[in-house]
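Q: Protein chains in written order, with the numbering used here: chain A, 81 to 238; chain B, 1126 to 1892; chain C, 100 to 437. Where is the CB? At the ideal position from N, CA and C, for every residue including glycine. Note that the coordinates shown come from a computational prediction; the quantities given were computed from them, not determined experimentally. Pasting in a structure now, in structure tokens, and then I'll have a few things to ask.
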């Protein structure tokens, strides 16, 4: 069964004709060419494929586009504005919080949702928010540091 | 941060925590990983794998599958021009002792482990490829297997391969063991077990292959070893110069992408179909099929004097190779050489064996045999300290190797050993003790030291090459076949070239990991890239610098030794500057190259006779000491790591940010290994095929890791650097085990240190 | 990546339409809400429904109504995240907020629903595997096979109830409303579960779990403790829900329900009865914890061995009761990472 769907991704509306059983992760990567969202485990057990749906982090490997017609989807490609990196992206790049970089898109988006909700989170709150995103390279310390740095910069007008 | 060891020369870029050149692309998701690649007309591939750990293939019929919709080709072993893959050391030598070439591209008549590849399919869509793979008519007849190394070595055990189940044996014998034990004031005996572990990089194995316009089979793949182009050529029986491997930035490797993964399959399918083909493994497939870290059984008997001085080590090691050799013989060699730890011991016996079984194959993974032994030797020395009432830092200081000491294998240490300083600093970094938060909680501390070789075994004659050149505008290009697994391997090379050639880091372009277009650099394994390719780049950059300065000297009428390259100019001592483009134009005019290709050869040696302790095995070692503070719940056995400090002598931190990242990431991977990770296999059947059961630590499970970077300047790498990729994974399991013992008196000798095992050690499970 | 098998997707806007769709497709259709349990299972081909009836577009299934005084009604499609932070639930039914907040990961809780968690499929090491894997070991009776691979001579399936919220709802005396094209019924939550790894729900396939009804808080205090290996992701290896109704410092009524030890949550009525009329002293708690460990008969088909999980049942019941008695040390976590 194919469905004609209208998906709003990063503020842009895409009309796609896709098999209804394709997950959001598959449609983003294969039909919309948005390969920034990564495939990690396909069963909701690693957080690598995290995207935002109406500003809330969800697992795109378990989301059905048919349920998202009225939603605003944000992927990592939507974080930078006009070529200017989001403060989180900037902080991750500066502090070495992205090593292999594969878990980074999901972590950036989860952190973006956290900062939208809590502009000045404690380190423990950051840990809890990121507890659904596995990282195999960094040991998490620099990721937590980078989220703290971004929070500080966003909080203080530059 | 880096400790202040005065090293003389002030650097411009070396030693600065510069953001990596690839960081911006990675945070912006502009990096095209292997699975992100797509091409017009691309086919999708699937592998049919054996469901059985030990069986004969009695029927393999593909005609039906071949007729399925969308199917381009179905391949079995008979379609592979040369079906054996050698577990070679690519690009280097094959003289590696008992190593045998025993890996098949596709199983022919027999399968020896669950997940062994049997057939390949390429089809228009992934769904079609999977459906066709499932439609292949294959019948198996189960054959009795062996499912543990002890069983494999028992008399009458079923043979995994014709030659018997012993894959490799190594022995070391130094000193008079009986006399040494007779002198000992305390003898500690222990049996230790480590588990089967998966690299679990978040990026699964993936690649795309196509036939280039010039007929070259081109494979863009996530690999730590682009030199596998030779393996592909051999399997396909085409000349080696007709295969090109383009290595992508990896989404993690950790040894899991050191052996061949998808590249031979892709090469075959592209060759047979003439079309681009993509293969991406599922997580289940990755956990089933990829070679893992060897489980070890280790028996130790250690004797020490009342001073804490170790005088005797009697060690037996037994490892499970799984069904195929891969790199097991070498992994075992690393274990054998490191088995007695970074400590002096006049009398040492090591007997090490690795056996074939019908379990999942094991091979390289971060630490490569030198990390399993840490759990044993650090548990032993900790018990010696306890038995003698000695301080854990002190007992390590008493025993620590020093420059000029020889290892049991006979290798003399030629560089500084910072072990006492590392141990003292890691221990001190834990700060004031954390009070227990509840009556049923105890808090304790543990220390563990290690040493890990960096660079390849000396009789493999390791080398790396790199090309460094200026463009006419003074911007710099570095070409080097280094795969970047995420550790900043490439970026550090740019930093070194920019340092020597006086340009800003952002004026450097790095071209890496292409077997056709970048000079070969060898594997991103064995903690060797900074050491090897760093030296190659350093050599190339220095030669280029000399070339450029000689031309500049003639333009300026100055002595070349009085000139420097800085900020994109040639500068004289008296402050005159000559723009680099002017000098480069002159180079073109007078026929002096604006580039240099350099090859760096590591110190080479002959294979040693381990039994007689005849000498050098590895170029050098990186030493470390980790300290952990843990709390143990004495009612449940649950362990929580509260504080963690990890100190390593990295020789020189070329990029301290990357060094810290390796230390923190390695320590946390080591904590995962110590506390939770385990691939559970029952009778050869892997029960751990998803991340729901293969437990990678989350942010909620680990503390911040305090990285302590010590710079002795004594390494063999550029500017005195040592390798730091693998070393930090060694100590964590032992540090935590020692901390648990400190907190509770209970010693757990089997990894992972689960709550249940701790509870059992605490006596909680007695009825 | 593993993919979902093809299906027809229906997204009705009302419960009535959903019930009709379900009725018209018979056994071929399945319900899905957040998808966090069903889709992984479908990718492993544990289920291959030809029709999925999605519930996410049904507004009436979302949200929390009422208050502690008269009782609270949760729409079954309220996300676990919403349940975990709902002020009325956190204040008056804290065990439920805790349990909802301990399910898997933050992202999964943003998708997974309370109804889905109550109905979550039972789990087993030999079942939660890919199709090819299960085929290789000869399949088990829960799906595609004839025998139980954990206990080959067993006539029944021993897959384990792995819901965090189910034992809590049971301990709170919750009821659930089920609607179908044929009508509606409201039943105590404990009657929703069956002690069978395959047929673990008494809900008919044509019924939709629409609401979860919590009774008035009425002096009840509650706590939930979860045993798992990691601080995130993991299903419970053990879940202990306790609820006590206090009259002054005397226990008037009590319920103890243990999760993840059988194919359904296991109540410990004898242990709960021993609390009634007593004060929550350390001595009474220790005695009750010993009694509560009795009914737990875990099998070795999830994580940890059964002797360990049984021991932990006692520890966890004691800790949960101690926390209700105000005896627990400060900073005791709700989830024990083991």
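1) Using a cut-off of 9 Å between C-beta atoms, extract the partners of residue 1826 of chain B located in chain C.
2) May I ask you to report which of helix, strand or coil DSSP gives residue 250 of chain C?
3) Below 7 Å on C-beta distance, what does residue 1151 of chain B contact in chain A?
4) What in chain C is Cβ-close to residue 1579 of chain B, meaning under 8 Å?
5) Helix, strand or coil for residue 1333 of chain B, going by three-state DSSP, please let me know.
6) Measuring only the C-alpha atoms, how far is residue 1681 of chain B from residue 1633 of chain B?
7) Decide if the region 170 to 182 of chain A is in contact with the region 1140 to 1158 of chain B; the criterion is three or more beta carbon pairs, one per stretch, under 8 Å apart.
8) Beta carbons nearer than 9 Å to chain A: which residues of the region 1152 to 1179 of chain B have them?
9) Determine the direct distance from the alpha carbon of residue 1635 of chain B to that of residue 1677 of chain B, and round the result to whole angstroms.
10) Along chain C, which residues have their Cβ under 7 Å away from the Cβ of residue 1253 of chain B?
11) Just checking: is the beta-carbon of residue 1359 of chain B within a distance shorter than 8 Å of some beta-carbon in chain C?
12) Does any CB atom of chain B fall closer than 8 Å to the CB of residue 388 of chain C?
13) Are residue 344 of chain C and residue 318 of chain C close, meaning C-beta to C-beta below 8 Å?
14) Could you name each continuous alpha helix (DSSP H) segment of 4 residues or more that falls completely within the region 1504 to 1563 of chain B, going from the start of the chain to the end?
15) So with Cβ pairs under 8 Å, would you call residue 253 of chain C a contact of chain B?
16) Whose Cβ in chain A lies nearer than 7 Å to the Cβ of residue 160 of chain C?
17) Less than 8 Å between the beta carbons of residue 341 of chain C and residue 260 of chain C, yes or no?
18) Residue 270 of chain C bridges to which residues according to DSSP?
19) Start and end of the alpha helix (DSSP H) containing residue 123 of chain C?
20) Quick one: does residue 91 of chain A have its CB under 8 Å from some CB of chain B?
21) For residue 1220 of chain B, count neighbouring C-beta atoms within 10 Å of its own C-beta (all shown protein chains included) and say buried if the count is 16 or more, exposed if not.
22) Report back the beta-carbon spacing between residue 1871 of chain B and residue 1886 of chain B to the nearest angstrom; my notes put them in contact at under 8 Å.
23) Taking the alpha carbon of residue 1308 of chain B as the reference point, which residue from B:1574, B:1209, B:1537, B:1438 has its own alpha carbon closest?
24) Examine chain C for any beta-carbon lying closer than 8 Å to the beta-carbon of residue 1794 of chain B, and answer yes or no.
25) I need the straight-line Cα distance from residue 140 of chain C to residue 174 of chain C, nearest angstrom please.
26) Name the one or two DSSP bridge partners that residue 164 of chain C has.
27) Just tell me which of C:123, C:165, C:178, C:108 has its CA closest to the CA of residue 147 of chain C.
28) So, under 8 Å CB-CB, residue 1775 of chain B and residue 1661 of chain B are touching, yes? Tell me the CB distance rounded to an integer number of Å.
29) Can you find the residues in the same chain that come closer than 6 Å, C-beta to C-beta, to residue 1406 of chain B, ignoring five residues on each side of it along the sequence?
30) What does DSSP give as the partner residues of residue 1295 of chain B in its beta bridges?
31) Taking residue 108 of chain C as the query, report the chain A residues whose CB atoms sit under 8 Å from its CB, ordered along the chain.
32) Per DSSP, what kind of secondary structure is residue 1758 of chain B in: helix, strand or coil?
33) Alpha carbons only, please: which of B:1536, B:1772, B:1641, B:1534 is nearest the one belonging to residue 1555 of chain B?
34) Residues in the same chain with beta-carbon distance under 8 Å from residue 1189 of chain B, minus the five sequence neighbours each way, listed in chain order, please.
35) Using Cβ-Cβ distances below 8 Å, what residues of the region 119 to 132 of chain A are close to chain C?
36) If residue 1450 of chain B sits next to residue 211 of chain A, beta carbons under 8 Å apart, how far is it from one beta carbon to the other, in whole angstroms?
A: Working from what's here:
1) The residue labelled residue 1826 of chain B in the question sits at position 701 within the second chain. By Cβ distance, chain C contributes 328, 329, 330, 331, 436.
2) Taking the third chain and counting its residues from 1, the one referred to as residue 250 of chain C is at position 151. Correct three-state label for residue 250 of chain C: coil.
3) Locating residue 1151 of chain B in the second chain gives position 26, counting from the first residue. Going along chain A in sequence order, the residues near residue 1151 of chain B (Cβ under 7 Å) are 178, 181, 184.
4) Counting from 1 along the second chain, the entry for residue 1579 of chain B is found at position 454. Neighbours of residue 1579 of chain B on chain C: none; closest Cβ ~32 Å, over 8 Å.
5) As a first step, residue 1333 of chain B is located in the second chain; it is residue number 208 there, counting from the start. Residue state, collapsed to three classes: strand.
6) If you number the second chain from 1, residue 1681 of chain B lands on position 556. If you number the second chain from 1, residue 1633 of chain B lands on position 508. Their Cα atoms are separated by approximately 26 Å.
7) yes
8) For chain A, the residues of the region 1152 to 1179 of chain B that bring a beta carbon within less than 9 Å of one of its beta carbons are 1152, 1153, 1154, 1155, 1156, 1157, 1158, 1160, 1161, 1162, 1163, in chain order.
9) For the purposes of this step, residue 1677 of chain B is taken as the residue at position 552 of the second chain. For the purposes of this step, residue 1635 of chain B is taken as the residue at position 510 of the second chain. Their Cα atoms are separated by approximately 25 Å.
10) Translated into positions along the second chain, residue 1253 of chain B becomes position 128. Listed along chain C is no residue with a C-beta nearer than 7 Å to that of residue 1253 of chain B; the closest approach is about 12 Å.
11) Position 234 of the second chain holds residue 1359 of chain B. No, because no Cβ of chain C sits closer than 8 Å to the Cβ of residue 1359 of chain B.
12) Stepping through the third chain from its first residue, residue 388 of chain C is reached at position 289. Closer than 8 Å: no.
13) One-based indexing of the third chain puts residue 344 of chain C at position 245. One-based indexing of the third chain puts residue 318 of chain C at position 219. In contact: residue 344 of chain C and residue 318 of chain C (Cβ atoms closer than 8 Å).
14) 1517 to 1524, 1544 to 1553
15) Against the third chain, residue 253 of chain C aligns to sequence position 154. Not one chain B Cβ lies under 8 Å of residue 253 of chain C.
16) Taking the first residue of the third chain as position 1, residue 160 of chain C is located at position 61. Correct list: empty, because the minimum Cβ distance to chain A is about 13 Å.
17) The residue labelled residue 341 of chain C in the question sits at position 242 within the third chain. The residue labelled residue 260 of chain C in the question sits at position 161 within the third chain. Result no, Cβ atoms of residue 341 of chain C and residue 260 of chain C do not sit closer than 8 Å.
18) In the third chain, residue 270 of chain C corresponds to position 171, counting from 1. In DSSP, residue 270 of chain C forms no bridge with anything.
19) What you label residue 123 of chain C is simply residue 24 of the third chain in a count that begins at 1. Element bounds for residue 123 of chain C: 114 to 124.
20) Within the first chain, numbered from 1, the residue matching residue 91 of chain A stands at position 11. Not one chain B Cβ lies under 8 Å of residue 91 of chain A.
21) Position 95 of the second chain, counted from the first residue, corresponds to residue 1220 of chain B. With a pLDDT of 41 at residue 1220 of chain B, under the threshold of 50, the modelled position of that residue is not reliable, and no figure is offered here.
22) On the second chain, position 746 is the one that residue 1871 of chain B refers to. On the second chain, position 761 is the one that residue 1886 of chain B refers to. Between residue 1886 of chain B and residue 1871 of chain B the Cβ distance is about 4 Å, and since that is below 8 Å, they are a contact.
23) As a position in the second chain, residue 1308 of chain B is number 183, starting the count at 1. Of B:1574, B:1209, B:1537, B:1438, the residue nearest in Cα terms is B:1438.
24) By 1-based counting over the second chain, the position of residue 1794 of chain B is 669. Chain C, which has no Cβ nearer than 8 Å to the Cβ of residue 1794 of chain B, makes this no.
25) For the purposes of this step, residue 140 of chain C is taken as residue 41 along the third chain, with counting starting at 1. For the purposes of this step, residue 174 of chain C is taken as residue 75 along the third chain, with counting starting at 1. Cα-Cα distance, rounded: 24 Å.
26) Indexing the third chain from 1 puts residue 164 of chain C at position 65. C:172.
27) Taking the first residue of the third chain as position 1, residue 147 of chain C is located at position 48. If we check each option's Cα against that of residue 147 of chain C, C:108 comes out closest.
28) Residue numbering aside, residue 1775 of chain B sits at position 650 when the second chain is read from its first letter. Residue numbering aside, residue 1661 of chain B sits at position 536 when the second chain is read from its first letter. Not confirmed; about 19 Å, so no contact.
29) On the second chain, residue 1406 of chain B is found 281 positions in, with the first residue counted as 1. Here the set comprises 1329, 1330.
30) The residue labelled residue 1295 of chain B in the question sits at position 170 within the second chain. Answer is B:1477, bridged to residue 1295 of chain B.
31) Translated into positions along the third chain, residue 108 of chain C becomes position 9. Result: 81, 83, 100, 101, 144, 146.
32) Here residue 1758 of chain B refers to the residue found at position 633 of the second chain. Residue state, collapsed to three classes: strand.
33) Counting from 1 along the second chain, the entry for residue 1555 of chain B is found at position 430. That would be B:1772, whose Cα lies nearest to the Cα of residue 1555 of chain B.
34) For this step, residue 1189 of chain B is matched to residue 64 along the second chain. Excluding residues within five positions, the ones whose Cβ falls inside 8 Å are 1260, 1261, 1262.
35) 119, 122, 123, 124, 125, 127, 130
36) For the purposes of this step, residue 1450 of chain B is identified with residue 325 of the second chain, where counting begins at 1. For the purposes of this step, residue 211 of chain A is identified with residue 131 of the first chain, where counting begins at 1. Not quite, the Cβ-Cβ distance comes to about 40 Å (not below 8 Å), so this is no contact.
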